[in-house]
DNA sequence: TCGTGGACTTGCGTAGAGCAAA
DNA sequence: TTTGCTCTACGCAAGTCCACGA
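Numbering (this note's numbering), first residue to last: 29 to 634.
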């Protein structure tokens, strides 16, 4: 039975006389008659200590089952009708399918947007028969409401399904996961990240995207490139179909790829974050950031020096780097105009995105940033800068129009080339990682004190929040936010009433005791005092929770936790303050950070 | 040097699972 | 058991950065 799982374990044998201890907690131990101790370790314990390939290859052996395709289109029942100009009209299969995509989004605001409608209509027409094309000439005369109602009823029906039916679906999903969700890479069975091919639908994009509403077409086996090792069992395409290509490229980590039709970019199926290959890369990332820590002072001195350079390009580079370092801005690659939403990062900032104030509210040399960053999230910040930076900015703005580049002599590749010279492996994004992690470490030191576990966790969240604010990780306030805040407030009010009632009782008991001086009334006072104390604690907890939630209204902690904070800092913090790792990392996160949980001790220093 | 394709990381929104309160 | 809310997993868009070829 063990044999099939043997690749998941590492067996180690030690002479009993030589055994001292093991730092790892999870293992099976057996003693042999001849004085050997046999340990059976889950292989995740050792995978981080495995040799890495030095020739740039990522694996030697790779075997998987290929992707899971989106289910085929199911035509609408005849009773569900589409109406054109008030009259029912039966659509051809492919025109109907695309129409259902629109119908499913009918409740969304963006189906009312001009660009969305125009793009959709254009792509929809391509799917129509020539007869349909001649009849349907105006999207405004199309009535998708009955279709929309049908889908709503269907999703309602899904919710109302019996337990058994739901269980059956769950089991089927589990079976597919077991079959397609794992692969063998070298000696490990690994979880695959996204083994399902994206279903067809209408492209949305984020922010003001010029391509919103376009048809994202269905991916067929003929679009798929399979990557696996030569000596593996190759995945089979569905009956009657062929793969576009099967290749054996071990310089890359993906298992499956295809080209998407909206931007023409390539999409991949890759491994889950818990995999060795992702974990090691993640670890490396934080090691690079730690190397930056060692030389960041030197780099800061240098860019401050460069503010005085007689060359404009060097001054621009130095000011940009200052922003990247101080404000954790992204690099800001150029983007093709008209292909995506208009967003910028540091190097692509335009004149219109900053305002200079020699003096503002008692502060000197204030720069106001206001621009849309990644995912069209607004970055708004007013910060005082050093005089030299301010003067340089004034210089960069001279004789420019609002739509001109602020740093016209700079782009990300120039900047990164420079950074590479300052430190091996240094790029703009390393500053984000470094500043995020170092901030967490500092904040944890500052905020954590000897206190209850919930209070310590609040401190952790606050430290995490400081980082999220630095990195501008925002979220739309949850739809239920106001309500849940209200609920919490109701609870607090109730607690307060309880508290004043309890205090009254305590007072009465005290008075009683003063009058009688007997043992019984003394005990009552004690009991009442304890009750007051308990309620005070509960009230405080609720208030803390309310503060935490309020502070978190528009801030998303997940992204920084997952991508910017060296998990070893958090693990060390947990160990130092005796907090179970489960309190700060859920199951998925613990799997992703297995390497850190395994290697960080309580004295770990980023 | 520049443009482009390719690979990989980062990022937000949301469906629905799961859990606690009613 | 139902309802209401929170949390997690997932989906997929949108960044970064590098290699390559003209």
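Using N, Cα and C, we set each Cβ at its ideal position, and we do this for glycine too.
- DSSP places residue 391 outside any alpha helix (DSSP H); the residue lies instead in the beta strand (DSSP E), whose first and last residues are 391–400.
- Collapsing the DSSP output to three states places residue 285 in a strand.
- Taking a 10 Å sphere around the C-beta of residue 446, we find 16 or more other C-beta atoms and assign the residue as buried.
- Residue 212 and residue 625 have their C-alpha atoms some 24 Å from each other.
- Here residue 333 is exposed: its Cβ has fewer than 16 other Cβ atoms, across all protein chains shown, within 10 Å.
- Nearest Cα to residue 562 within the set 340, 527 and 462: 527.
- Burial is judged here by how many other beta carbons sit within 10 angstroms of a residue's own beta carbon; residue 580 has at least 16 and is buried.
- Bounds of the beta strand (DSSP E) holding residue 386 are 382–388.
- Using a 10 angstroms sphere on the CB of residue 508, the tally of other CB atoms stays under 16, which defines it as exposed.
- The C-beta separation of residue 481 from residue 607 comes to about 6 Å, placing the pair in contact by the 8 Å criterion.
- When DSSP states are grouped into helix, strand and coil, residue 59 belongs to the strand group.
- The residues 335, 347 and 350, in chain order, have a CB closer than 7 Å to that of residue 417 in the same chain once the five nearest residues on each side in sequence are set aside.
- Runs of the alpha helix (DSSP H) lying entirely within the stretch 190–259 and spanning at least 4 residues, in chain order: 191–208.
- Counting C-beta pairs closer than 8 Å gives three or more between the stretch 517–537 and the stretch 548–562, which meets the contact rule.
- Residue ranges of uninterrupted alpha helix (DSSP H) with 4 or more members, entirely inside the stretch 539–611 and ordered along the chain, are 547–579, 586–591 and 595–604.
- For the pair residue 462 and residue 472, the Cα-to-Cα distance works out to about 15 Å.
- Restricting attention to alpha helix (DSSP H) runs no shorter than 4 residues, the stretch 488–548 encloses them at 509–544, ordered along the chain.
- Contact check for residue 90 against residue 260 passes: the beta carbons are separated by less than 8 Å.
- Residue 64 is bridged by DSSP to 43.
- Contact annotation: the stretch 361–372 does not touch the stretch 307–324, with fewer than three C-beta pairs closer than 8 Å.
- Contact between the stretch 432–450 and the stretch 565–584 is absent: fewer than three C-beta pairs spanning the two stretches fall below 8 Å.
- Closest option to residue 428, judged by alpha-carbon separation, among 410, 464 and 377: 377.
- DSSP places residue 274 inside the beta strand (DSSP E), whose first and last residues are 273–275.
- The continuous stretches of alpha helix (DSSP H) do not include residue 406, which lies in the beta strand (DSSP E) extending over residues 406–412.
- The bridge partners DSSP lists for residue 170 are 112.
- In chain order, 595 and 613 place their CB closer than 7 Å to the CB of residue 621, counting only its own chain and leaving out the 5 sequence neighbours on each side.
- Going by beta carbons, residue 487 and residue 476 fall inside the 8 Å limit.
- By the Cβ criterion, the stretch 112–123 is in contact with the stretch 146–160, since at least three pairs of Cβ atoms, one from each stretch, lie closer than 8 Å.
- Taking each of 409, 404, 405 and 402 in turn and checking the Cα distance to residue 394, the smallest one comes out for 409.
- The stretch 92–106 and the stretch 215–225 touch, with no fewer than 3 CB-CB distances between them shorter than 8 Å.
- With a cutoff of 8 Å on beta-carbon distance, residue 520 and residue 574 are scored as near each other.
- Beta-bridge analysis with DSSP links residue 296 to 285.
- Distances from the CA of residue 309 to each of 64, 86, 599 and 57 were compared; the closest alpha carbon is that of 86.
- In summary, residue 599 is buried, with 16 or more beta-carbon neighbours lying within 10 Å of its beta-carbon over all protein chains present.
- Non-local beta-carbon contacts of residue 257 in its own chain, meaning distances under 8 Å to residues more than five positions away in sequence, involve 87, 88, 89, 90, 91, 276 and 278 in chain order.
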